[in-house]
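Read through the structure below, which is laid out as structure tokens, and then see the notes.
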Ligand SMILES: Cc1ncc(COP(=O)(O)O)c(C=O)c1O
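In this note's numbering, the protein residues as written are 1254 to 1654.
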């Protein structure tokens, strides 16, 4: 099965059709580039949707994974392993959190956060256990996560959803304050809304939300599944904002492409989970954890966080140059290597034309193209991406078809 057509046909027959996939089968990658099974090369500004933080075929990451696989892939959380403890230590050392719970995906980290918030409310015998989340948010596809997600299109046909979760407009402190009554125990938000169109929280808003949580004894939870792990130029997005939540969720780029998720919490919250209250068979297995250790070492010891800051600023500059040239770009927004452009023309056609020209891009929300490349991206990649995008946008006939 080595032709593109054969793979697509086979997939049609036996893979559940839950994605609007592109008719493209990828084969291998190196650095910022990926090749399809027919040998065509693409510059990748999708990176598995903010997952492949070290790019493709990263030498140290591949070597560590291979060595760990040969040694011990998995052994159950009935036992300790060095990689899991090393990753937990690195994450807590570089953050304001005391404890980590490992799982395998973003949605699972959100489930863990929802459960821990309610366990904490029960432990404290609080009056309420409702959770407030934001309109237009995205938190994943499991029942709790999809209920927390503030977009009805993802909830259609799934009733009944999890009770006690309410949505308020994002970046609107008054609306939040009004909704945050006695029945509430926690507030969950993305510091930068990703899937709905790269919408950063206002710093003043986050500060007020933190103060409200302190005043009314609510837990503040940040979903950093997309924005976390170096993407804003700090290890965690909350550090870029200078507003510390009580819990935060991570996944995507944490192990450079090996499935992993993490819920981090301050000790006073973490202790609401007793042995037996929550678990994950694969969570924090030695293979994923060893990969996570490499990602953190690259961020802190090999200059990757500095690279994100530098290339993030350059990406903003270049996108603004494109905006000055193309009236269809309404806005450039985002932080570090999590940026987006809002367009007045259909984004689907832009992504399609870019792919034909050897550039992978991904949309976000109805009218935004997001840029979430591997954190190893360099100036020349940003130049190459912008040159292709310039061509695509310059050809109005192409993108409006
Ligand atoms: C902010 C945020 N939270 C949660 C999720 C769900 O993560 P996963 O697909 O790993 O379950 C995503 C995925 O895109 C996300 O962007």
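Cβ atoms here follow ideal geometry from the backbone N, Cα and C, with glycine treated the same way.
Values in this document were obtained by computation on a predicted structure and should not be read as measured data.
By how many angstroms is the C-alpha of residue j removed from the C-alpha of residue i?
i	j	result
residue 1219	residue 1621	Outside the shown range of the chain (1254 to 1654) lies residue 1219, about which nothing can therefore be said.
residue 1654	residue 1472	Residue placement at residue 1654 cannot be trusted, given a pLDDT of 44 that sits under 50; the coordinates are not used to answer.
residue 1623	residue 1552	22 angstroms
residue 1402	residue 1389	7 angstroms
residue 1310	residue 1426	44 angstroms
residue 1271	residue 1411	15 angstroms
residue 1597	residue 1582	7 angstroms
residue 1538	residue 1342	15 angstroms
residue 1394	residue 1414	12 angstroms
residue 1381	residue 1527	21 angstroms
residue 1511	residue 1423	31 angstroms
residue 1565	residue 1493	13 angstroms
residue 1290	residue 1544	26 angstroms
residue 1379	residue 1323	48 angstroms
residue 1346	residue 1286	33 angstroms
residue 1451	residue 1520	31 angstroms
residue 1459	residue 1490	12 angstroms
residue 1647	residue 1616	19 angstroms
residue 1651	residue 1273	Residue placement at residue 1651 is flagged as unreliable, the pLDDT there being 47, under the threshold of 50; a coordinate-derived value is accordingly withheld.
residue 1288	residue 1418	43 angstroms
residue 1430	residue 1463	11 angstroms
residue 1264	residue 1504	27 angstroms
residue 1369	residue 1481	20 angstroms
residue 1275	residue 1336	36 angstroms
residue 1448	residue 1256	32 angstroms
residue 1440	residue 1294	44 angstroms
residue 1392	residue 1487	21 angstroms
residue 1320	residue 1509	16 angstroms
residue 1318	residue 1540	6 angstroms
residue 1549	residue 1258	39 angstroms
residue 1645	residue 1329	50 angstroms
residue 1619	residue 1595	9 angstroms
residue 1267	residue 1479	30 angstroms
Mind checking whether the beta-carbon of residue i lies closer than 7 angstroms to any heavy atom of ligand 1?
i	result
residue 1478	yes
residue 1392	yes
residue 1360	yes
residue 1504	yes
residue 1656	As displayed, the chain neither begins before 1254 nor continues past 1654, which places residue 1656 out of reach and without an answer.
residue 1388	no
residue 1384	no
residue 1513	no
residue 1284	no
residue 1435	no
residue 1430	no
residue 1418	no
residue 1447	yes
residue 1443	yes
residue 1635	no
residue 1588	no
residue 1363	yes
residue 1302	yes
Would you list the residues sitting across from residue i in a DSSP beta bridge?
i	result
residue 1501	1475 and 1517
residue 1592	1587 and 1624
residue 1615	1623
residue 1294	1288
residue 1309	1284
residue 1446	1452
residue 1355	1515
residue 1383	1437
I think residue i touches residue j, with their Cβ atoms under 8 angstroms apart; what is that distance to the nearest whole Å?
i	j	result
residue 1313	residue 1546	Going by Cβ atoms, the distance from residue 1313 to residue 1546 rounds to 10 angstroms, so no, they are not a contact pair.
residue 1484	residue 1585	So it is not a contact: roughly 17 angstroms between Cβ atoms.
residue 1635	residue 1571	6 angstroms
residue 1385	residue 1437	6 angstroms
residue 1442	residue 1454	7 angstroms
residue 1592	residue 1557	Between residue 1557 and residue 1592 the Cβ distance is about 17 angstroms, and since that is not below 8 angstroms, they are no contact.
residue 1397	residue 1363	6 angstroms
residue 1296	residue 1574	Contact doesn't hold; Cβ gap of about 18 angstroms is too wide.
residue 1525	residue 1376	5 angstroms
residue 1344	residue 1334	Actually they are not in contact, since the Cβ atoms of residue 1344 and residue 1334 sit about 15 angstroms apart, beyond 8 angstroms.
residue 1306	residue 1506	4 angstroms
residue 1444	residue 1468	Rounded, the Cβ-Cβ distance is 20 angstroms, inconsistent with contact.
residue 1542	residue 1261	Going by Cβ atoms, the distance from residue 1542 to residue 1261 rounds to 35 angstroms, so no, they are not a contact pair.
Taking 7 angstroms as the cut-off, is the CB of residue i close to at least one heavy atom of ligand 2?
i	result
residue 1645	Ligand 2 is not part of this structure, which contains only ligand 1.
Inter-stretch contact at 8 angstroms, needing at least 3 Cβ pairs: the region 1342 to 1355 / the region 1401 to 1419 = With fewer than three CB-CB distances shorter than 8 angstroms, the region 1342 to 1355 does not count as touching the region 1401 to 1419.
Meets three-Cβ-pair contact criterion under 8 angstroms: the region 1300 to 1320 and the region 1624 to 1637 = Yes, since at least three Cβ pairs between the region 1300 to 1320 and the region 1624 to 1637 fall closer than 8 angstroms, the two stretches touch.
Segment contact, 8 angstroms Cβ cut-off, at least three pairs: the region 1515 to 1531 with the region 1354 to 1363 = With three or more CB-CB distances shorter than 8 angstroms, the region 1515 to 1531 counts as touching the region 1354 to 1363.
task = Would you be able to state if there are at least three C-beta pairs under 8 angstroms between the region 1526 to 1539 and the region 1555 to 1575?
result = These segments do not touch.
ask   = Does the region 1496 to 1506 touch the region 1600 to 1607, meaning 3 or more C-beta pairs lie closer than 8 angstroms?
value = Touching, no, given that fewer than three Cβ pairs across the two stretches are closer than 8 angstroms.
message = Counting beta carbon pairs with one atom in the region 1636 to 1644 and one in the region 1604 to 1614, are three or more of them shorter than 8 angstroms?
response = The region 1604 to 1614 makes contact with the region 1636 to 1644; the number of CB pairs closer than 8 angstroms reaches 3 or more.
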